[in-house]
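Residue numbers (full-length UniProt numbering): 1 to 238.
Quick reminder that beta carbons are idealized off the backbone N, C-alpha and C, glycines included.
Keep in mind that this is a model prediction, so the values were computed, not measured.
Working notes for the structure below.
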Ligand SMILES: Cc1cc2nc3c(=O)[nH]c(=O)nc-3n(C[C@H](O)[C@H](O)[C@H](O)COP(=O)(O)O)c2cc1C
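This is the structure in structure tokens:
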């Protein structure tokens with residue numbers, strides 16, 4: 001399955017066709033997710049695929065399916081969730097389906113482990129775009145040093161398109177950082193910047209696989225270069 005091409009054409013949608021996907025597509029999605037390599041083996045994540053009658057939230061797009069993501073307490077739980085389930089988002093695009101990460105969706109039945117959800121289904125209108133149509137920061141605002149995989153990371157989706165990631169390349173290492181706090185009210189209220197960084201790391205990993213590069217992620221703060229002010233260390237890709 002080519003997950004690399006959708007990185008350069010994908011776009012979130014709020015306009016889904018209401019018809020459900022065939023059961024075998026949902027089971028292929030489950031098989032795909034269960035075969036994924038997690039960012040960190042000690043982060044326990046799980047998910048449920050449910051219909052619109054099982055979720056609540058303000059101003060939700062109406063989709064036939066919602067993938068609800070849960071995880072046990074861990075400092076990098078949300079980053080690991082963004083990493084793992086962005087692969088699922090790309091898989092859905094690769095099959096011609098449409099998606100939208102939703103910070104505002106919740107299961108009707110409360111669960112203390114619940115993190116976030118993704119709406120998905122058939123697109124009601126085409127959801128493809130050209131790379132130049134992406135509204136993203138230029139590479140020089142998100143990287144120090146050069147690594148060919150960072151263009152894919154740059155194009156990653158993030159809550160309110162905040163793009164809270166920063167990368168410092170040093171030899172074969174890519175040190176990864178997350179923006180902490182932001183002057184805006186939204187920046188203060190938005191709680192998923194670390195998850196956004198996991199999404200960008202997924203794009204980096206997929207681009208690496210495309211280039212035949214291995215992806216190993218570890219937290220080893222000692223020796224990490226000092227990032228621009230307002231950013232904090234997340235982990236290192238080798
Ligand atoms: C973690 C996360 C949370 C998001 N939450 C919402 C949301 O609550 N409501 C919404 O309409 N879009 C939400 N989005 C979609 C973003 O607004 C969208 O990804 C971003 O504007 C970039 O656009 P693109 O996905 O088309 O590239 C979310 C995206 C991410 C990655």
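Assigned exposure category for residue i - 16 Cβ within 10 Å defines buried
i, result
"residue 193", "buried"
"residue 89", "buried"
"residue 158", "buried"
"residue 119", "buried"
"residue 55", "buried"
"residue 147", "buried"
"residue 82", "buried"
"residue 236", "buried"
"residue 227", "buried"
Rounded C-alpha distance that separates residue i from residue j
i, j, result
"residue 133", "residue 166", "22 Å"
"residue 10", "residue 126", "10 Å"
"residue 197", "residue 129", "22 Å"
"residue 234", "residue 30", "28 Å"
"residue 35", "residue 204", "19 Å"
"residue 96", "residue 15", "14 Å"
"residue 179", "residue 232", "6 Å"
"residue 49", "residue 139", "35 Å"
"residue 13", "residue 124", "9 Å"
Beta carbon of residue i nearer than 8 Å to that of residue j
i, j, result
"residue 91", "residue 32", "yes"
"residue 142", "residue 225", "no"
"residue 58", "residue 117", "no"
"residue 238", "residue 173", "yes"
"residue 72", "residue 44", "yes"
"residue 217", "residue 209", "no"
"residue 70", "residue 111", "yes"
"residue 64", "residue 22", "no"
"residue 60", "residue 114", "no"
"residue 87", "residue 26", "no"
"residue 162", "residue 190", "yes"
Residue i - containing beta strand (DSSP E), residue span
i, result
"residue 78", "From DSSP, residue 78 is part of no beta strand (DSSP E) but of the alpha helix (DSSP H) over 77 to 94."
"residue 120", "114 to 121"
"residue 167", "165 to 170"
"residue 68", "65 to 71"
"residue 176", "173 to 179"
"residue 236", "231 to 237"
First through last residue of the alpha helix (DSSP H) which encompasses residue i
i, result
"residue 99", "Here residue 99 belongs to no alpha helix (DSSP H); instead the beta strand (DSSP E) covers 98 to 102."
"residue 208", "193 to 210"
"residue 154", "150 to 154"
"residue 13", "First-last for residue 13: undefined, no H or E at that position."
"residue 190", "Careful: residue 190 lies outside any alpha helix (DSSP H) and carries neither H nor E."
"residue 45", "Segment 45 to 50 is the beta strand (DSSP E) holding residue 45; no alpha helix (DSSP H) there."
"residue 110", "Taken as a continuous stretch (DSSP letters only), residue 110 belongs to no alpha helix (DSSP H), as it is neither H nor E."
Closest by C-alpha distance to residue i, when choosing among the options
i, options, result
"residue 200", "168, 164, 156, 207", "156"
"residue 47", "7, 85, 146, 208", "85"
"residue 66", "78, 94, 122", "122"
"residue 7", "153, 174, 99, 238", "153"
"residue 17", "99, 139, 114", "99"
"residue 93", "151, 5, 24, 64", "5"
"residue 229", "136, 164, 220, 60", "164"
"residue 219", "26, 25, 76", "76"
"residue 79", "39, 63, 216, 114", "39"
"residue 28", "41, 176, 1", "1"
"residue 42", "74, 49, 21, 178", "74"
"residue 108", "51, 149, 15, 131", "51"
"residue 239", "227, 206, 13, 37", "Past the boundaries of the shown model lies residue 239; the chain is included only from 1 to 238, so the question cannot be answered."
"residue 160", "136, 145, 68, 113", "136"
"residue 195", "37, 171, 176, 144", "176"
is_contact[residue i, chain D] using C-beta, thresh 8 Å
i, result
"residue 131", "Structure shown: chain D not included; a single protein chain is present."
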